[in-house]
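> With the first letter of the sequence shown counted as 1, position 96 gets the number 95 in numbering that gives the first Met the number 0; the numbers rise by one all the way through.
Don't be surprised by glycine CBs; every beta carbon is placed ideally from N, CA and C.
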Amino acid sequence: MIRVQRETFDVGAEIAGLCAGDTAAGGVCVFIGRVREFAHGAALQAMTLEHYPGMTERQLQALEAEAQRRWLLEKTLIIHRYGRLLPGEAIVLVVTAAAHREAAFDACRFLIDCLKTTAPFWKAEETAAGSRWVDACAADDAATLGWQDGAAEGGS
Numbered sequence: 000m001i002r003v004q005r006e007t008f009d010v011g012a013e014i015a016g017l018c019a020g021d022t023a024a025g026g027v028c029v030f031i032g033r034v035r036e037f038a039h040g041a042a043l044q045a046m047t048l049e050h051y052p053g054m055t056e057r058q059l060q061a062l063e064a065e066a067q068r069r070w071l072l073e074k075t076l077i078i079h080r081y082g083r084l085l086p087g088e089a090i091v092l093v094v095t096a097a098a099h100r101e102a103a104f105d106a107c108r109f110l111i112d113c114l115k116t117t118a119p120f121w122k123a124e125e126t127a128a129g130s131r132w133v134d135a136c137a138a139d140d141a142a143t144l145g146w147q148d149g150a151a152e153g154g155s
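Take a look at the structure:
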């Protein structure tokens with residue numbers, strides 16, 4: 000399930016809703032991405048996320064389908080917010096449920112790694128000195144490239 004939304008979300012309620020009635024999943028892995036307090040040594044006042052409507056959802060659906068192809072997953076959930084967010088607020092939630100923990104962990108890591116570099120989101124950081132667009136991170140690119148090379152195919 001994919002959702003791109005401006006509104007905040009309740010992590011506990013989202014996990015409970017995803018897992019309700021599911022007795023096949025023995026492992027559930029959760030990643031929550033939040034707005035940090037500092038960026039490049041400066042106190043962050045806010046972060047604004049923009050996205051390409053329609054294209055963003057299609058890319059997230061493609062990532063979800065690829066994770067389901069690689070691992071035996073019972074369920075997945077990706078929620079990504081856009082708009083102006085404050086430090087401490089949740090940006091993204093990725094939940095993967097599988098019969099075994101290895102598949103849940105690997106799929107969750109795959110989804111967040113690839114989401115960071117392939118989903119059309121743009122971030123602007125707002126500090127006392129002004130606002131600036133955030134450039135792509137080499138470490139994020141390297142993580143995604145590792146998955147493209149076929150890392151952790153399949154899974155339990």
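Pull up the distance between the alpha-carbon of T143 and that of L110, whole angstroms please.
Each residue's alpha carbon lies about 9 Å from the other.
> Could you give the distance in angstroms between the alpha-carbon of L17 and the alpha-carbon of G129?
One C-alpha to the other measures close to 40 Å.
> Nearest CA to the CA of E124: which residue from D134, T75 and A118?
D134
> Touch check for the segment 28-40 and the segment 76-87: three-plus C-beta pairs under 8 Å?
yes
> Give the single residue among G25, E6, D9 and A97 whose Cα lies nearest to the Cα of Q67.
A97
> To which residues of the same chain is V181 closer than 6 Å at the C-beta, ignoring the five residues directly before and after it?
Within the shown structure, residues of the chain are numbered from 0 to 155, placing residue 181 beyond reach of any answer.
> State the start and end residues of the unbroken beta strand (DSSP E) segment that holds G156.
The chain is shown from 0 up to 155; residue 156 falls before or after that span and cannot be answered.
> Since I1 contacts E65 with CB under 8 Å, what's their CB separation in whole angstroms?
Taking the Cβ atoms as the reference, I1 lies roughly 13 Å from E65, outside the contact range of under 8 Å.
> Would you say R5 and A45 are within 9 Å of each other, going by their C-beta atoms?
no
> Could you work out which residue in P52, G11, L72 and Q58 is closest to A23 when comparing CA atoms only?
L72
> List in chain order: all unbroken beta strand (DSSP E) runs of 3+ residues lying wholly within the segment 44-81.
72-80
> Going by DSSP, what residue range makes up the alpha helix (DSSP H) through F104?
Counting along the chain, the alpha helix (DSSP H) containing F104 begins and ends at R100 to T117.
> Below 9 Å between beta carbons: does that hold for E56 and V3?
In this structure, V3 lies closer than 9 Å to E56 by Cβ.
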